[in-house]
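Taken in sequence, the protein lines are chains D and X. If you use the numbering used here, the first sequence corresponds to residues 162 to 417, in order. If you use the numbering used here, the second sequence corresponds to residues 162 to 417, in order. Quick notes on the structure that follows.
Number of protein chains: 2
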Amino acid sequence: MRTVEKALKLLELFDEAHPSFGLSALARRADIDKATVLRMLQDMAAAGLVEQDPASRNWRLGAGILRLARLREAAFPATGALNPILARLAQETGETAHASLRAGADLGTVGVVESTRSNRVYIEPGLILPLHATASGLAYTAFARPDVPAEVLARPLAAHTAATPTDPATLAARLEMVRASGYACADQTYDADVHGLAMPLFGPDGFAIGALAVATPATRLTADLRRLILSALADAARKATLGMGGRIPDHHRIAA
Amino acid sequence: MRTVEKALKLLELFDEAHPSFGLSALARRADIDKATVLRMLQDMAAAGLVEQDPASRNWRLGAGILRLARLREAAFPATGALNPILARLAQETGETAHASLRAGADLGTVGVVESTRSNRVYIEPGLILPLHATASGLAYTAFARPDVPAEVLARPLAAHTAATPTDPATLAARLEMVRASGYACADQTYDADVHGLAMPLFGPDGFAIGALAVATPATRLTADLRRLILSALADAARKATLGMGGRIPDHHRIAA
DNA sequence: AATGGTCGGTTCATTATTTACACCAATGTT
DNA sequence: AACATTGGTGTAAATAATGAACCGACCATT
């Protein structure tokens, strides 16, 4: 595998539960020799992507990322416009709302506003959403450039729960349903007990660049709540697309 | 040079004036063969650090950065606490306030609140501040772990203006002054016409991890304004350090 | 204290990856 | 229509990545 790719894959090992690693632990987890991992970390540290806590000698994500994020936002504002929309969406539906954008092979979560109810879906910051196993992933894939669904259907489709579509034909059929209805739903295909409803976010060229979604505890989703969510989601997705400078394709219709 | 390091150096070529590049342009600017640059970009795109605009085929910073930034903030909150402090600092002084954290070899700007006056200092998002040529850099370096000033003094010191200290002995003397006074000032050492006043931000171990600064047009800085800024800065820097979970060393005193 | 385990980090010969040159088709420009 | 530049590809040559062994430091047990 390409060295740069391998090095950057190390970044994916960091999540909320594992915000920092010792050298050996990281090497073990990545299944790469620790001498190699050390050199990669040092190179990434030189760019500010990671940094080493001087006391514990542990490695964590670096401040250079914040700098890059500011630059990206300045050039291509997204999260700034997204947050108030998410807040309103969460408030209107009473459920957890989140937004994600295509980043690398999958969708990366760029914004979350949680439901205020005590039984609510928690989405950890920066969670990676697989394209085939989440409502957001389906909504994005269905309306992305045509090469995206083609590539996704050719992937090995990992089963995250018993309901995850792992057969390309099944997945293709679901994508077709999403295209017909204008929204995606995923009933416990990624997390057990979580039901997701999602709609695509469009870029300037009229193809999807991400998705807006509402996640509910699976047992709570009544037909009424579903209607409420879909209506709020349609409005929010439209605003979000326009707020980011995207264009909704002329033929795009939502048939709830 | 290490491949990973070289690839990540490409990221530093992006700034507000150049938010996206064509392949050839980027290769030219980085002075690397374009075949090599292409592979690097593809690897970084797989991690979401960059992405290619499908229409123009230009490359820009990717959405994966936003995801990583969220993770970093969740694990190590910094900018969240910084922004209100910067806003107040800018309001109290009437000048542009900015915060930066060590990222790679230098300081990366992680927050800016501009002055509201018509003649004001503009700091572009994500600007990189050289350690030897800015008030923030001096404030950070003077109070960082001892190996930092040692390394900085051994660097080649680029002259950004006529006033930039390029001689290690001069720089060492200035650092000593900063240590004695508790703050750093830099009169047009980076940008002509800009005067910076800065104080260190401390990490949990009592060593500096970044800096808080106020930048004024050089002609406007009267003795009175200087006093006002230093007093507001001292308060803001203390709050910012504590807000980020840092510890101010017991012996730290500000002698304005 | 002595033991054994793990840690972060270094070294160096072997190997596999990266590199740069030439080349291609497509798209503007003059 | 000729020309230059673009993004991208394939190749042999050269360079940089690799991983096993090793080091001293640290930490529990024994």
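All C-beta atoms, glycine included, are put in the ideal place defined by N, C-alpha and C.
- request: Return helix, strand or coil for Thr325 (chain X), following the three-state DSSP convention.
  value: Coil.
message: What would DSSP say about Ala304 (chain D), mapped onto helix, strand or coil?
response: Before going on, a small fix: residue 304 (chain D) reads as Phe here, not Ala. Correct three-state label for Phe304 (chain D): helix.
message: Using only CA atoms, which one of D:Gly406, D:Arg388, D:Gly183, D:Leu373 lies nearest to Ile246 (chain D)?
response: The shortest C-alpha separation from Ile246 (chain D) is found at D:Leu373.
- request: For Leu210 (chain X), decide whether its Cβ has a neighbour in chain D, counting only Cβ atoms nearer than 8 Å.
  value: Residue contact with chain D for Leu210 (chain X): present (Cβ-Cβ distance below 8 Å to some residue of chain D).
- prompt: What residues in the stretch 264-278 of chain D bring their beta carbon closer than 7 Å to a beta carbon of chain X?
  reply: Those would be Ala264, Gly265, Ala266, Gly269, Thr270, Val271, in chain order.
- prompt: With distances taken from CA atoms, which of X:Ala266, X:Ser342, X:Asp352 is nearest Pro317 (chain X)?
  reply: Closest option to Pro317 (chain X), Cα to Cα, is X:Ala266.
query: How would you list, in chain order, the residues of chain X whose beta-carbon sits under 7 Å from the beta-carbon of Met201 (chain D)?
result: Contact note: Met201 (chain D) reaches chain X through Val165, using a C-beta cutoff of 7 Å and chain order.
field: Cβ-based contacts, 7 Å cut-off: residues of the stretch 360-371 of chain D near chain X
entry: From the stretch 360-371 of chain D, only Asp366 have a Cβ closer than 7 Å to chain X.
- prompt: If the cut is a Cβ gap below 8 Å, which residues of chain X does Ile415 (chain D) touch?
  reply: Listed along the chain, the chain X residues whose CB falls inside 8 Å of the CB of Ile415 (chain D) amount to none; the nearest CB is some 24 Å away.
- prompt: What is the rounded straight-line gap between the Cα of Gly269 (chain X) and the Cα of His413 (chain X)?
  reply: Straight-line Cα distance between these residues: approximately 24 Å.
query: What residues from the stretch 304-323 of chain D come within 7 Å of chain X, judged by C-beta to C-beta, listed N to C?
result: Answer in chain order: Arg306.
query: In this structure, does DSSP put Gly404 (chain X) in helix, strand or coil?
result: For Gly404 (chain X), the three-state secondary structure derived from DSSP is helix.
task: Please specify which runs of the beta strand (DSSP E), each continuous and at least 3 residues long, are wholly inside the stretch 341-408 of chain D, giving them in chain order.
output: List check, beta strand (DSSP E) in window: 345-348, 355-363, 369-378.
query: If we call anything under 8 Å between Cβ atoms a contact, is Ala239 (chain D) one with Met360 (chain D)?
result: No. Outside cutoff.
- prompt: Does Pro215 (chain X) get closer than 8 Å to chain D when you measure Cβ to Cβ?
  reply: By this cut-off, Pro215 (chain X) is an interface position.
- request: Let me know the alpha helix (DSSP H) ranges lying completely inside the stretch 166-220 of chain D, each 4 residues or longer, listed in chain order.
  value: Along the stretch 166-220 of chain D, the alpha helix (DSSP H) occurs as fully enclosed runs of 4 or more residues at 184-191, 195-207, listed in sequence order.
field: Ala242 (chain X) in three-state terms, based on DSSP
entry: In the three-state reduction of the DSSP assignment, Ala242 (chain X) falls in the helix class, which pools H, G and I.
- request: Just the C-alpha distance for Leu199 (chain D) and Arg233 (chain X), rounded to the nearest angstrom, thanks.
  value: Put simply, the backbone Cα of Leu199 (chain D) is about 20 Å away from that of Arg233 (chain X).
DSSP bridge partner residues for Pro270 (chain X) (one or two, in chain order): The question names Pro, yet the displayed sequence has Thr at residue 270 (chain X). X:Ser261, per the DSSP bridge assignment.
message: Against Met205 (chain X), what residues of chain D qualify as contacts under a CB-to-CB distance less than 8 Å, listed in chain order?
response: Those are Val165, Leu169, listed as they occur along chain D.
message: Which residues of the stretch 392-413 of chain D have a Cβ closer than 8 Å to any Cβ of chain X? Give them in chain order.
response: Those residues of the stretch 392-413 of chain D that come within reach of chain X (Cβ to Cβ, closer than 8 Å) do not exist; the list is empty.
task: Assign Leu332 (chain D) to one of three DSSP states: helix, strand, or coil.
output: In this structure, Leu332 (chain D) counts as helix in the three-state DSSP scheme.
message: Tell me the rounded alpha-carbon separation between Ile370 (chain D) and Ile226 (chain D).
response: Note on geometry: alpha-carbon atoms of Ile370 (chain D) and Ile226 (chain D) lie some 21 Å from one another.
message: Could you tell me the alpha carbon to alpha carbon distance between Ala168 (chain X) and Asp204 (chain X), rounded to whole angstroms?
response: Annotation: Ala168 (chain X) to Asp204 (chain X) spans about 9 Å, alpha carbon to alpha carbon.
field: Contact set between Thr240 (chain D) and chain X, taken where Cβ atoms lie within less than 7 Å
entry: Simply Leu227.
query: For Phe182 (chain X) versus Leu222 (chain X), is the C-beta spacing smaller than 8 Å?
result: The answer is no: Cβ separation not under 8 Å.
Three-state secondary structure assigned by DSSP to Ile284 (chain D): Look at Ile284 (chain D) here: in three-state DSSP terms it is coil, with no helix or strand label.
- request: With DSSP collapsed to three states, give me the class of Leu318 (chain D).
  value: Three-state DSSP puts Leu318 (chain D) in coil, outside helix and strand.
field: Residues near Pro329 (chain X) in its chain [Cβ-Cβ closer than 8 Å; skip 5 each side]
entry: Excluding sequence neighbours, Pro329 (chain X) sits near Leu314, Ala315, Leu318.
Reduced DSSP category for Leu247 (chain X) - H, G, I as helix; E, B as strand; rest coil: Residue state, collapsed to three classes: helix.
task: With a cut-off of 8 Å on the beta carbons, I'd call Ile415 (chain D) and Gly298 (chain D) a contact; round off their distance for me.
output: Your pair Ile415 (chain D) and Gly298 (chain D) does not check out as a contact, with CB atoms roughly 18 Å apart and the cut at 8 Å.
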